[in-house]
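Comments concern the structure below.
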Amino acid sequence: MWSHLFAEWFDVAVVGVEPSSGMRRQALRKRSHSRVKYVGGEAEHLPLKDGACAAVWISMVVHHIPDLEAGAREIRRVLRPGGPVLIRNAFSGRHQDILWTRFFPSALQLAERRHPSVEATAETFSPAGFEKESLQRVTEVSSSNLREYAKRIETRADSTLALISDEEFQRGLGELRRAAESAPPSPVGAVLDLLVLR
Numbered sequence: 004m005w006s007h008l009f010a011e012w013f014d015v016a017v018v019g020v021e022p023s024s025g026m027r028r029q030a031l032r033k034r035s036h037s038r039v040k041y042v043g044g045e046a047e048h049l050p051l052k053d054g055a056c057a058a059v060w061i062s063m064v065v066h067h068i069p070d071l072e073a074g075a076r077e078i079r080r081v082l083r084p085g086g087p088v089l090i091r092n093a094f095s096g097r098h099q100d101i102l103w104t105r106f107f108p109s110a111l112q113l114a115e116r117r118h119p120s121v122e123a124t125a126e127t128f129s130p131a132g133f134e135k136e137s138l139q140r141v142t143e144v145s146s147s148n149l150r151e152y153a154k155r156i157e158t159r160a161d162s163t164l165a166l167i168s169d170e171e172f173q174r175g176l177g178e179l180r181r182a183a184e185s186a187p188p189s190p191v192g193a194v195l196d197l198l199v200l201r
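Numbering-wise (my numbering), the sequence shown opens with residue 4 and increments by one.
Here it is as structure tokens:
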């Protein structure tokens, strides 16, 4: 989603690094763009030249990187001097505004354990020479209304929701659907954090 937007907004070439060939194919099917290419790779071994990137965007994957410190070193290698690392993620201790957490309490507990804190993330990047520059909440419209949001949650695409029992998932989904029946037809926002390191 973000790759083509960055290419348009900033009139730049964008390289999306993704270890899963299936995810790369899906990205190409959904939104191909002449200035966006996807390559196989992992954060710990980026298939890019030294200083190749003006900025690095990491969106909702920090908790999936097995060796984040090695990933930080690789990011330092491929990033031009002074370039920012922009991390859009949910962080431990800051899940309170994520809507689905109200309906799936054990998933919230899992998310608290799976997602690193802002402080831990900044500390992990520190040995590679990065410092925290800013942190802000960002809200983006994820669905046009709560019914549409419930349909998105129904897919169970969020990796944390995939870890809870089927029984709890169905119970929470039922509560979400009931809430959607009486909710006003207003947009639903996804609230995450944007941590900027430099």
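Just so you know, even glycine gets a beta-carbon here, dropped at the ideal spot from N, CA and C.
So GLY74 is in the alpha helix (DSSP H); what residue range does that whole segment cover?
-> 71-81
Along the chain, where does the beta strand (DSSP E) that runs through ILE90 open and close?
-> 88-92
State buried or exposed for PHE9, treating a residue as buried only when at least 16 other CB atoms are found within 10 Å of its CB.
-> buried
Is LEU166 near LEU102, with beta carbons less than 8 angstroms apart?
-> no
For LEU149, the first and last residue of its enclosing alpha helix (DSSP H) | 149-157
Exposure of PHE13, with buried meaning 16 or more beta-carbon neighbours within 10 Å = exposed
Compute the beta-carbon to beta-carbon distance between THR163 and ALA110, rounded to the nearest angstrom, for a pair I have assumed lies under 8 angstroms.
-> 5 angstroms
With 16 as the cutoff for other CB atoms within 10 Å, does HIS118 come out buried or exposed?
-> buried
Looking only at its own chain, which residues have a Cβ that is under 6 angstroms from the Cβ of ASN148, when we skip the five neighbours before and after it?
-> PRO188
Counted within 10 angstroms of its Cβ, other Cβ atoms place THR142 as buried (16 or more) or exposed = exposed
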